[in-house]
Amino acid sequence: MEEIFQDIIIKKSDDYIINMGPQHPSTHGVLRFELCLLGETVKYIIPHCGYIHRGIEKMCEKNTYQQIIHLTDRFDYLSAHMNNEAVCLAVENALEVEVPERVKYIRTILAELNRIASHQLWWCAFGMDLGALTTFFYGLRDREPILDIFEESFGSRLLHSFNCPGGLMHDVHPNFQKKIKDFIKYFRKILPEYDQLLTGNIIFQQRSIGMGILSKEDAISYGVTGPSGRGSGFKCDVRKHHPYSAYSKVDFKEILYTEGDTFARYKARIDEMWESLNILEQLVDNMPAGDYTVKMKPIIKLPAGDYFQRVETARGELGCYIVSDGNKNPLRVKFRTPNFSNLFIINKLASGNKIADLVAISGSLDLVIPDIDR
Amino acid sequence: MNIFKYFGEVFGAIRSLWAGMRVTGYYSIRPGKVVTQKYPENRKKLIIAERFKGEVIMTHDANNQHSCNGCGICEMNCPNGSIEIISNKITNAEGKSERVIDKHIYHLSMCTFCSLCIKTCPSNSITWGHDFEHAVFDRNKLTKVLNQPGSSIRKEIKEVKETKEA
Amino acid sequence: MDFNIYDFTSFTTWVHNALTSSMSPGWAMFVELAIVGVVFIAFYAVIGLYLVYAERKVCALIQNRKGPNRVGPFGLLQTIADLFKLLMKELIYIKNADKFLFNLAPFIVIIASFMAIAALPFAKGLHAIDLNIGIFYLFAVSSLGVIGILLAGWSSNSKYSLIGAIRSGAQVVSYELSVGLALLSIVIFSGSMQLSTIVESQANGWWIIKGHIPAIISFLIFLVASTAETNRGPFDLAEAESELTAGFHTEYSGIKFAFFFLAEYMNMFIVAAIAATVFLGGWMPFHIPGLDGMNHVMDYIPPFVWFMGKTAFIIFIMMWFKWTFPRLRIDQLLKLEWKYLLPLNLMNIVLIAFIVLMGWYIK
Amino acid sequence: MTNDQLKEKINGWISGLEFPENKQYLEVVVPAESLLKLARLLRETPETAFDYLFCLSGVDYGKQLGVVYHLESTTHNHALVLKVKTDDRVNPNFDTVCGLWRTAEWHEREIFDLLGIKFNNHPDMRRLFLDDEWVGYPLRKDYKDDINIIER
Amino acid sequence: MNSEYLILFFLLGVILVGGAIVFSMFVAPSSKNSAKSEPYECGIPVKSDAWIQFNVGYYLFAIIYLIFDVETVFIFPWGVVMRDMGLTAFIEILVFFFILVLGLLYAWKKGALRWV
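Order-wise, the sequence lines are chains H, F, E, R and U.
Just so we're on the same page, this note's numbering is the position in the first sequence counted from 1, plus 5.
Just so we're on the same page, this note's numbering is the position in the second sequence counted from 1, plus 1241.
Just so we're on the same page, this note's numbering is the position in the third sequence counted from 1, plus 8.
Just so we're on the same page, this note's numbering is the position in the fourth sequence counted from 1, plus 98.
Just so we're on the same page, this note's numbering is the position in the fifth sequence counted from 1, plus 95.
Right, here's the structure in full:
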């Protein structure tokens, strides 16, 4: 047990401490890294979180199951749909409700669209972390069609509380399929540009290849999931290993890289965008007709017991753990959010590297701070 | 140190840099690809989706009548307490006492746009409005009264409700 | 009095004669200096402000945006409005900062760029100083700015500034070499360090054409190294905003910050102007021997326009660089200089010496 | 391993454990003193090899406080839920498992922060989200905060 | 004639910066505030002093630079006369560069060019 603690940080009084965050452009929110520097080199990093802790888990205890949904949007706002889905699936499984096929298909399509949008935003923010400011605007530009699809169908672009236990709030817009097909065509043309701009760039490669290597054992032990974990060869794709919604019906690859460095994490996300496009193509034409929801009681009471639902968000594995005592409010809701586990690997990855590498590594982990703090 | 490898690296680097510059160069000479718009000027051309969640509004018809009977389901369903209904009990012409809303208060500042009130409204009296320019100087202005002054409940709705009860 | 826009020598001598004939020599010199001073301050301000505007417009186009478009037609007055805003911003003093050096730093960066701009030949007969060691002078003065940056970063008593300053010290010091050696290649070709002579030597063709491969290599090296020397992206490590928030000028506010900003753009103008002068023939029009018709058309374009056009072209390339590439890390930056640019540069100089020796360039 | 085999295996290590009904996963309720022992055996025995702790949650059951460990094996693809409960609401403490699964270090800090359950031998037992000066443990059912929590 | 102009341009810089700062002092608002005068450190109170002994790596480069920069200064006069002197100058510069490159290679092999 002792040897496992060797990376425990020992502070010294004469350390050159510099605070990165909460007001810093590259921490993507209000996260604070306490860095100890030796010249340009980072000796250790202590992450401090909690600046936007809103007590969502406590709030959930006071709300009914329908009312929880809109809170889940707000921890990982970039994969809002997947967060909603986790709670809905947990409640549906607890009540043993079978949702219509159409709902499953729509949920899967939305999850993949959301994943692409999230990865696009990650891509542009990552480029900006590395100093390539133009990527930021290209990413946002290409994200716009997806947000338009969202807006047309559910009225909001980012936080669409569109799921409800038992199905969806309402049916998707008639233009839904056509717009997605247009988007797939557009984005397949645009994605190679991303490679030319950043992936193939010599400066980018020099800055990412071999930087912040995360071993598979560490990834599992630290619970680093999602593309960050898969960049280290950790087979953690919930969509593949514990399929939910319509994922058992589609044929897709789990992106795995074994290098575990920043570049592998980067490539994993870029490849996931391609893979998501494939999934979308398989689903969008085969959307079955049917009802968009099953009739649920206005007040849902889960039988006493505990329920766990895992979904794959854009950043990794989201676990929704509901303990019910039979009332209309849950006794305890715990969200195992991917970023919470992904954040704390940062000391291991970035200590010993330069400040610039720290920025690149934290960018490649794709941290969303509200997801850490909840 | 292999001299060919050294020059290979240099040329590879230049090629990779040129690939990126081609992309940005392509866009830099095409003003037609500009995606941003001048916002306040393009207000008239804005395409707002019909399902756009701007704010909760209560639909009134030409006679200044709405269909809200003040049942309070939206108030109950709202997770943030952003809806308050103040209703009065009045005695109508037939001598029966009935509930009529006085004020349907909506706190926009607390709304999280979850759609639960609109989805659960039994009489479809509230819906999403498309106004998105919510910025005000005074926080109190975000508290809105949804029923227009002098409005009343639509007759048919009352009748439907009465037949249902019977 | 006959003076034309093709040759300013007659104009300047006319001004000089008019002044000396109407007043005492001391006063004449004073008025002359005052005229030159006013003209250059105005020129400096206009160039600085419109380079900022140009950068914002170019980067907006690259990024599929509109860019500044509110103040004035096409946003042309945007940067002037910004200047007034910055003038009216509070000058914040930092606790425990070294006040004297903190205030001195903006002076140094601006003075360095002013000294450099003095030696540029804008057109035939239109330069303030024509030193016989012009290139050497520019090479020396343009590297003075780094002292300002170092002072700014060090005196702020902020950790981010200090890291930025030290980074920029290592960076500018390294790239200085490549700038010098790249310019040296043209000195070898033309056999002179006087800028006006170098420009005159390109009357029958620019050095980048006459010196073919080695000149192109030096031109590319000069572009890279001078971008690095002016602390511009992808070499903007001193102010790397995603790492050091604003680097060396983190603590500066208001007009003092504006001077660092202005100096950065002026330095960009200066290095672009040097590149235009040395490699692209300065104010010399584009001539192809034999095609007399076209050469005459080219001659109708005033030299000043040629000079500014070439400078603008190089500035555009530098902006294009900046808005395309990710930032280098400090060790890569130094590796690029010491392991790639410097050896290549030395090889290139030997190559040029050999070419000059054999006379294999267009004379 | 199937759930029955796992049950057998665990019973072989520590007898007298409670296996409550759970539709999703095999669930084990462990007494606090044998938690670390069982966790270590589950983690280090090659047949079980539970190397991935995918959720660690603290629960306030009203009277009891408990911690729930969701374990999975990435090699064998089986999952298990460990539960440990205590009646002590004043000074609840369990052994830390962060030597076995590193991710537990911060999950345990979070539980300490929000539920006040201490983990013995934890290398850095401080609050994670809230200030060090914060009074009380917000996720407990009996937590009162008149300023920040508005009851409707 | 040139020296006056050099002084002039020096003064121009001083006038521009000094004038603008003085002008700004009159028009800009000013309020003293202890939080405002803290150096920026992302909103966290600054703990230790910023002025510390810094990594020696930076100075190694400065020293190498110094050597090479002095060499560059020597090469410039050579560059001017290269065309006229011909073969002699070429052979001279080969010898000169040989020594210079030897130094660079030595520094390279010693790892002085590797960032620490």
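All C-beta atoms, glycine included, are put in the ideal place defined by N, C-alpha and C.
Values in this document were obtained by computation on a predicted structure and should not be read as measured data.
Item, Value
"Inter-residue spacing [alpha-carbon to alpha-carbon] between V190 of chain U and S209 of chain E", "29 Å"
"Local Cβ density within 10 Å of Y1347 of chain F, reported as buried at 16 or more and exposed below that", "buried"
"DSSP three-state assignment for S18 of chain E, whether helix, strand or coil", "helix"
"Chain U contacts from the stretch 115 to 143 of chain E (Cβ-Cβ distance under 7 Å)", "F115, I118, I119, F122, M123, A126, A136, I137 and L139"
"Under 9 Å (Cβ pairs) to chain E, residues found in the stretch 27 to 43 of chain H", "Q28, H29, P30, S31 and L42"
"Minimum Cβ-Cβ distance from R240 of chain E to chain F less than 7 Å", "no"
"Residue-level contact to chain H via CB, Q122 of chain R, 7 Å cutoff", "yes"
"Option in E:H257, E:L350, E:N72 and E:Q179 with minimal Cα separation from D147 of chain H", "E:N72"
"Chain E contact residues for R311 of chain H, given Cβ-Cβ distances below 7 Å", "Strictly speaking, residue 311 of chain H in this sequence is Asp, with Arg absent from that position. Going along chain E, no residue has its Cβ under 7 Å from D311 of chain H, so there is no contact; the nearest lies around 43 Å."
"Chain H within 7 Å of G1261 of chain F, Cβ atoms only", "yes"
"Cutoff 7 Å: L69 of chain E Cβ touching any chain F Cβ", "yes"
"Distance cut-off 6 Å: I196 of chain E Cβ against heavy atoms of the ligand ADP", "With respect to the ligand ADP, the structure shown offers nothing to examine, as it has no ligands at all."
"Cβ contact check for the stretch 157 to 168 of chain U and the stretch 179 to 191 of chain E: 3 or more pairs under 8 Å", "yes"
"Of the listed residues R:E116, R:E170 and R:L198, nearest to E142 of chain R (C-alpha basis)", "R:L198"
"Proximity winner among H:C129, H:L115, H:G228 and H:V299, relative to F181 of chain H (alpha-carbon distances)", "H:L115"
"CB contact flag (C1309 of chain F, I1342 of chain F, <7 Å)", "yes"
"Spatially closest choice to V166 of chain R from H:F167, H:I327 and H:S367, by CA coordinates", "H:I327"
"C-alpha gap between L104 of chain R and A147 of chain R, whole angstroms", "11 Å"
"Bounding residues of the alpha helix (DSSP H) (the contiguous stretch that carries Y123 of chain R)", "Counting along the chain, Y123 of chain R falls outside any alpha helix (DSSP H), and DSSP gives it neither H nor E."
"Buried or exposed (CB count within 10 angstroms, at least 16 for buried), R193 of chain H", "exposed"
"Residues that N25 of chain E contacts on chain U, provided the C-beta gap is smaller than 8 Å", "By Cβ distance, chain U contributes nothing, its closest Cβ being about 15 Å from N25 of chain E, past 8 Å."
"Interface flag, S1323 of chain F vs chain E, CB-CB below 7 Å", "no"
"I248 of chain R classed as buried or exposed, judged by whether at least 16 other C-beta atoms fall within 10 angstroms", "exposed"
"Rounded separation between F121 of chain U and T87 of chain E - CA only", "21 Å"
"Span separating the alpha-carbon of L43 of chain H from that of I363 of chain E", "48 Å"
"Stretch-stretch touch, CB-based, cutoff 8 Å, three pairs: the stretch 1290 to 1305 of chain F with the stretch 1365 to 1374 of chain F", "yes"
"Sequence-distant residues of the same chain with beta carbon closer than 6 Å to S1393 of chain F, five excluded per side", "Q1306"
"Pair within 7 Å by beta-carbon distance, P293 of chain E and S204 of chain E", "no"
"Contact with chain H by Q179 of chain E, beta-carbon distance below 7 Å", "no"
"L189 of chain E: contacting residues in chain U (beta-carbon distance under 8 Å)", "T167 and I170"
"Helix, strand or coil at I110 of chain U [DSSP, three-state]", "helix"
"I1327 of chain F versus R225 of chain R - alpha carbon distance", "44 Å"
"Residue range of the unbroken alpha helix (DSSP H) whose run includes Q202 of chain E", "Where Q202 of chain E is concerned, there is no enclosing alpha helix (DSSP H), given that its DSSP letter is neither H nor E."
"Nearest-angstrom beta carbon gap, V108 of chain H and T298 of chain H [assumed within contact, 8 Å]", "7 Å"
"is_contact[R1292 of chain F, chain H] using C-beta, thresh 7 Å", "yes"
"Counterpart residues of A131 of chain E in DSSP-defined beta bridges", "E:L134"
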